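> Would you mind keeping the following structure in view while I ask a few things?
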Amino acid sequence: MQIRLNQVSADYQLGPVHSPRVLQDVSLQIAPGTFTAVVGPTGAGKSSLLKVLNGLLLPKSGWAEVGDIKIDSKTSKKALKAVRKHIGMVFQFPESQLFAETVEQDISFGPLNFGASPEAAHDLAIKMIRQVGLDESILQQSPFSLSGGQKRRVAIAGVLAQEPEVIALDEPTAGLDPSGKAELMSLFKQWNKCKRLTVILVTHDMETAARYADDAVVMDQGKVVYHGSVRSLFADSEKLNRWQLDVPEARRFQLAFETYSGIRLPNVCLTEEELAEALIGVGRV
Amino acid sequence: MNEQIIQVKDLTFKYEPAKNNTLSSVSFAVNKGEWLSVIGNNGAGKSTLALLLIGLLKPQSGSVFVCGMPLNEETKWTIRRHAGIVFQNPDNQFIGATVQDDVAFGMENLNMPVEDMRQRVTEALELVGMLEHREADPSRLSGGQKQRVAIAGVLALHPDLLILDEAFVMLDPRSRRELLATLKQLRAEQGLTILSITHDMNEAAASDRILVLKNGSVANSGLPADIFSEEMDVEAPFSERLRRLLMSKERRTPESYLTESEWIQWLCK
Ligand SMILES: Nc1ncnc2c1ncn2[C@@H]1O[C@H](COP(=O)(O)OP(=O)(O)OP(=O)(O)O)[C@@H](O)[C@H]1O
Ligand SMILES: Nc1ncnc2c1ncn2[C@@H]1O[C@H](COP(=O)(O)OP(=O)(O)OP(=O)(O)O)[C@@H](O)[C@H]1O
Ligand SMILES: [Mg+2]
Ligand SMILES: [Mg+2]
């Protein structure tokens, strides 16, 4: 499913006053089946960008397109409902999307709403809760009696259960323990590869961006300032400095090693696996 | 020397009588001026422990001493003047209509002159880089901005003990490092003690000591270097992950955990 933003500007209405522009003239095209990381400093407009895709924040000017549905300042509620069927969204704070009495009701809400039978929804809930690394017994608990990381996992299970074509994830790994983070990111990657799920991932974690995403979008003060491959972004120290982005740890280690030793490794290393191979290649380990 | 600011003995807690223990016989102590990281899997009991430390939950058995006082119904208000907590989700914590009101709110029962209060609000917002947003509605901020305001609210109280429950997860890496540096400085200047619950192993590696919680029990506690060498199923910081990876490839590696700069020196030997 094709996603396009054409010269989108947006702000939040605060009673009679408007907040300053949170998105300024954003044009962006995200191809079906891609895995894109959206990065940039606090307040850059990353969450706002996702809200436009999901119809939670309407453009003041310009338009967005999700498949063949167009979103602009006049889009109706009904059209927005159709958009939400295609785009699954995991919010920055998972509490804001959990609402039901039990975890099972929460996860099966989407499927039931979109016409699944109660049996199918039940089976799906069991399947999804396992996929996010939680025990089946948690299905009968209240989502509010869960730990932070468990809530995050339930929110993700609920969105995956809707089998969306596009998934928009706002800091999905915040609050996950390290193994949970690796498992869930691999799961998204697998759905991206096997089911051609389009993944849009907002993250401050450059390790996650470098390891799982193919493309990167950099946002700065409401504007998209870069859209290209993750690898060429992280190879470009000058750009990273300009936008105050960190390099992934493997790359930082590589740069420190190269400076200290005077030896250059043959390629840009974004993960420990790549760094290990490069160090083996130059005979250091 | 080594004055203990937290002492926890045999702390046991469960949310519902019919359920298993959420925490079982947890004991540990934290020295004044120490930086302790608490790590453990989702659901291990870390946030529950934090709530017990400031009396928001009551244990089934065991005792807690904070700032030299036994924690109970009478002392918990006094203790909360000395011990500030930043919760896992900042949304649960906002009360004021503007950022500055919100930060000031916590000081209201400290009985201090309004001028001093303003001064502290300004200082705290400055420390977290949110001064320019002082008039904003805290519920209408970005995720990272909310988290900063929550931290400012606690810093304004000038606590002796700071309890952070994953307080940095929504911050960009640079802001995270800056805030950690600020806290380190407060610790050096004012003897602030920090108990930080975190999944960020770089943060844990930079702290004085790590406490590992597993299924509601203390599984280990020690210097970061020891924890990362001993607990092979605990995710390690980058330098250690590289070492483990090369070991699995049967390559030449340093004998034990090294920091990044030690590693680079080792590579160039
Ligand atoms: N509901 C709202 N009402 C008014 N202004 C808002 C609202 N939500 C966000 N803003 C403002 O819009 C700007 C962009 O916010 P956004 O949440 O998109 O940032 P972000 O890039 O996601 O940041 P973070 O990394 O901190 O989550 C910020 O200046 C923020 O204060
Ligand atoms: N209010 C509650 N009522 C009942 N059970 C709860 C409640 N809060 C937490 N629990 C349960 O207690 C256990 C410990 O939860 P806690 O929030 O302390 O975990 P945590 O270590 O902070 O995890 P995380 O890393 O995910 O934040 C979990 O199994 C959780 O489901
Ligand atoms: Mg955000
Ligand atoms: Mg927690």
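If you read the sequences in order, they're chains R and B.
Take any residue in the first sequence, count from 1 to its spot, add 339: that is its number in my numbering.
Take any residue in the second sequence, count from 1 to its spot, add 1429: that is its number in my numbering.
Cβ atoms here follow ideal geometry from the backbone N, Cα and C, with glycine treated the same way.
This one's a predicted model, so the numbers in the text were calculated from it and none came from an experiment.
1) May I have a chain-ordered list of the beta strand (DSSP E) segments no shorter than 3 residues that lie completely inside the segment 1468 to 1523 of chain B?
2) Does the beta-carbon of T381 (chain R), which I'm using as the reference point, lie nearer than 7 Å to any heavy atom of ligand 1?
3) Within 10 angstroms of its Cβ, does M1430 (chain B) collect 16 or more other Cβ (buried), or is it exposed?
4) Would you say G1645 (chain B) touches ligand 4, meaning its beta carbon is less than 7 Å from a heavy atom?
5) From the DSSP output, in three-state form, read off F1597 (chain B) for me.
6) Taking C-beta to C-beta, are V347 (chain R) and A403 (chain R) nearer than 8 Å?
7) For a contact defined as C-beta to C-beta under 8 Å, what are the partners of D559 (chain R) on chain B?
8) Applying a beta-carbon distance threshold of less than 8 Å, which residues of chain D neighbour E612 (chain R)?
9) Under 7 Å from any heavy atom of ligand 1, does the C-beta of Y565 (chain R) make it?
10) Spatial neighbours of D364 (chain R) within its chain, please: CB distance less than 8 Å, with the 5 preceding and 5 following residues excluded, ordered by chain position.
11) Any C-beta of chain R within less than 9 Å: which residues of the segment 1506 to 1521 of chain B qualify?
12) For chain B, find out if any of its Cβ atoms is closer than 8 Å to the Cβ of F483 (chain R); answer yes or no.
13) In chain order, what are the residue ranges of uninterrupted alpha helix (DSSP H) at least 4 long that sit wholly in the segment 476 to 509 of chain R?
14) Using three-state DSSP, classify E1607 (chain B) as helix, strand or coil.
15) Check the C-beta distance from H543 (chain R) over to L367 (chain R) and give it rounded, since I have them as a contact under 8 Å.
16) With a 10 Å radius around its C-beta and 16 neighbouring C-beta atoms as the bar for buried, classify M1408 (chain B) as buried or exposed.
17) What three-state label does DSSP hand V556 (chain R) in the structure shown?
18) Report yes if the C-beta of G385 (chain R) is less than 7 Å from at least one heavy atom of ligand 3; otherwise report no.
19) Using a Cβ cut-off of 7 Å, which residues of the segment 1545 to 1575 of chain B contact any Cβ in chain R, in chain order?
20) Check whether the Cβ of V624 (chain R) lies closer than 8 Å to any Cβ atom in chain B.
21) Apply the 10 Å Cβ neighbour rule to M1559 (chain B) and answer buried if 16 or more other Cβ atoms are within range, or exposed otherwise.
22) Tell me the residue span of the alpha helix (DSSP H) that contains Y565 (chain R).
23) Could you tell me whether the segment 1452 to 1466 of chain B touches the segment 605 to 624 of chain R, where touching means 3 or more Cβ pairs closer than 8 Å?
24) Counting along the chain, where does the beta strand (DSSP E) carrying T1688 (chain B) start and finish?
25) Say whether the segment 533 to 553 of chain R touches the segment 386 to 395 of chain R, bearing in mind that this needs 3 or more beta-carbon pairs closer than 8 Å, one atom from each stretch.
26) Looking at the structure shown, is H357 (chain R) part of a helix, part of a strand, or coil, going by DSSP?
27) I need the straight-line Cα distance from V1440 (chain B) to K1678 (chain B), nearest angstrom please.
28) Figure out for me which residue from B:T1451, B:L1480, B:G1462 and B:Q1576 has the closest Cα to the Cα of K1613 (chain B).
29) Within the structure, which residues are defined as neighbours of ligand 2 by a Cβ-heavy atom distance below 5 Å, reported in chain order?
30) Which of the three DSSP states, helix, strand or coil, is assigned to K417 (chain R)?
31) If you run the structure through DSSP and keep just helix, strand and coil, what is I602 (chain R)?
32) Identify the contact partners of G514 (chain R) in chain B, using a Cβ-Cβ distance below 8 Å as the criterion.
33) Looking at chain B, is there any beta carbon in it that lies within less than 8 Å of the beta carbon of Y351 (chain R)?
34) What do you reckon, is the C-beta of D1655 (chain B) under 7 Å from a heavy atom of ligand 3?
Inspection of the coordinates gives the following:
1) 1490 to 1495 and 1512 to 1515
2) Here residue 381 (chain R) refers to the residue found at position 42 when the first sequence is read from its first residue. Flag set: Cβ of T381 (chain R) near ligand 1.
3) Against the second sequence, residue 1430 (chain B) aligns to sequence position 1. Unreliable placement is indicated for M1430 (chain B), whose pLDDT of 49 sits below 50; no coordinate value is reported for it.
4) Counting from one through the second sequence, the residue named residue 1645 (chain B) turns up at place 216. Checking every heavy atom of ligand 4 against the Cβ of G1645 (chain B), none is found closer than 7 Å.
5) Numbered from its first residue, the second sequence carries residue 1597 (chain B) at position 168. If DSSP states are grouped into helix, strand and coil, F1597 (chain B) belongs with coil.
6) Start at 1 with the first residue of the first sequence, and residue 347 (chain R) comes out as number 8. Start at 1 with the first residue of the first sequence, and residue 403 (chain R) comes out as number 64. Yes, Cβ-Cβ distance for V347 (chain R) and A403 (chain R) is below 8 Å.
7) Taking the first residue of the first sequence as position 1, residue 559 (chain R) is located at position 220. Chain B residues near D559 (chain R): none, gap ~12 Å exceeds 8 Å.
8) Chain labels in this structure do not include chain D; the protein chains are R and B.
9) Here residue 565 (chain R) corresponds to residue number 226 of the first sequence, with the count starting at 1. Checking every heavy atom of ligand 1 against the Cβ of Y565 (chain R), none is found closer than 7 Å.
10) To locate residue 364 (chain R), count along the first sequence from 1; it is residue 25. So the qualifying residues of the chain are Q346, V347, S348, G401 and K562.
11) Result list: Q1517, N1518, P1519, D1520 and N1521.
12) Stepping through the first sequence from its first residue, residue 483 (chain R) is reached at position 144. Not closer than 8 Å to any Cβ of chain B, the Cβ of F483 (chain R) fails to qualify, so no.
13) 487 to 499
14) The residue labelled residue 1607 (chain B) in the question sits at position 178 within the second sequence. Of the three classes helix, strand and coil, the one that applies to E1607 (chain B) here is helix, per DSSP.
15) For the purposes of this step, residue 543 (chain R) is identified with residue 204 of the first sequence, where counting begins at 1. For the purposes of this step, residue 367 (chain R) is identified with residue 28 of the first sequence, where counting begins at 1. Contact between H543 (chain R) and L367 (chain R) fails: their C-beta atoms lie close to 20 Å from each other, not under 8 Å.
16) Lying before the first or after the last residue shown, residue 1408 (chain B) is absent from chain B, which here runs from 1430 to 1698.
17) Within the first sequence, the letter at position 217 stands for residue 556 (chain R). It is a strand residue.
18) Position 46 of the first sequence, counted from the first residue, corresponds to residue 385 (chain R). It should be noted that the sequence gives Lys, not Gly, for residue 385 (chain R). Yes, Cβ of K385 (chain R) sits closer than 7 Å to a heavy atom of ligand 3.
19) Listed in chain order, the positions of the segment 1545 to 1575 of chain B with a beta carbon within less than 7 Å of a beta carbon of chain R are R1569, S1571, G1572, G1573 and Q1574.
20) On the first sequence, residue 624 (chain R) is found 285 positions in, with the first residue counted as 1. Output row for V624 (chain R): interface = yes.
21) Taking the second sequence and counting its residues from 1, one reaches residue 1559 (chain B) at position 130. The residue in question, M1559 (chain B), is buried, as its Cβ has 16 or more Cβ neighbours within 10 Å.
22) The residue you call residue 565 (chain R) lines up with position 226 of the first sequence. Segment K562 to S568 is the beta strand (DSSP E) holding Y565 (chain R); no alpha helix (DSSP H) there.
23) no
24) As a position in the second sequence, residue 1688 (chain B) is number 259, starting the count at 1. Counting along the chain, T1688 (chain B) falls outside any beta strand (DSSP E), and DSSP gives it neither H nor E.
25) yes
26) As a working mapping, residue 357 (chain R) is identified with position 18 in the first sequence. H357 (chain R) falls in the strand class under three-state DSSP.
27) Along the second sequence, read from residue 1 onward, the residue named residue 1440 (chain B) stands at position 11. Along the second sequence, read from residue 1 onward, the residue named residue 1678 (chain B) stands at position 249. This sequence places Leu at residue 1440 (chain B); Val is not what is there. C-alpha separation (whole angstroms): 43 Å.
28) The residue given as residue 1613 (chain B) occupies position 184 in the second sequence. Selected option, being the one with the closest Cα: B:G1462.
29) R:S484, R:L485, R:S486, R:G487, R:G488, B:Y1444, B:T1451, B:N1471, B:G1472, B:A1473, B:G1474, B:K1475, B:S1476 and B:T1477
30) Working through the first sequence from its first residue, we reach residue 417 (chain R) at position 78. In the structure shown, K417 (chain R) sits in a helix (DSSP, three-state: H, G or I).
31) Sequence index remark: in the first sequence, residue 602 (chain R) carries index 263 (1-based). If DSSP states are grouped into helix, strand and coil, I602 (chain R) belongs with coil.
32) Walking along the first sequence from the start, residue 514 (chain R) turns up at place 175. Residues of chain B passing the Cβ test: N1471, Q1517, E1595, V1598 and H1628.
33) Locating residue 351 (chain R) in the first sequence gives position 12, counting from the first residue. Closer than 8 Å: yes.
34) For the purposes of this step, residue 1655 (chain B) is identified with residue 226 of the second sequence, where counting begins at 1. Checking every heavy atom of ligand 3 against the Cβ of D1655 (chain B), none is found closer than 7 Å.
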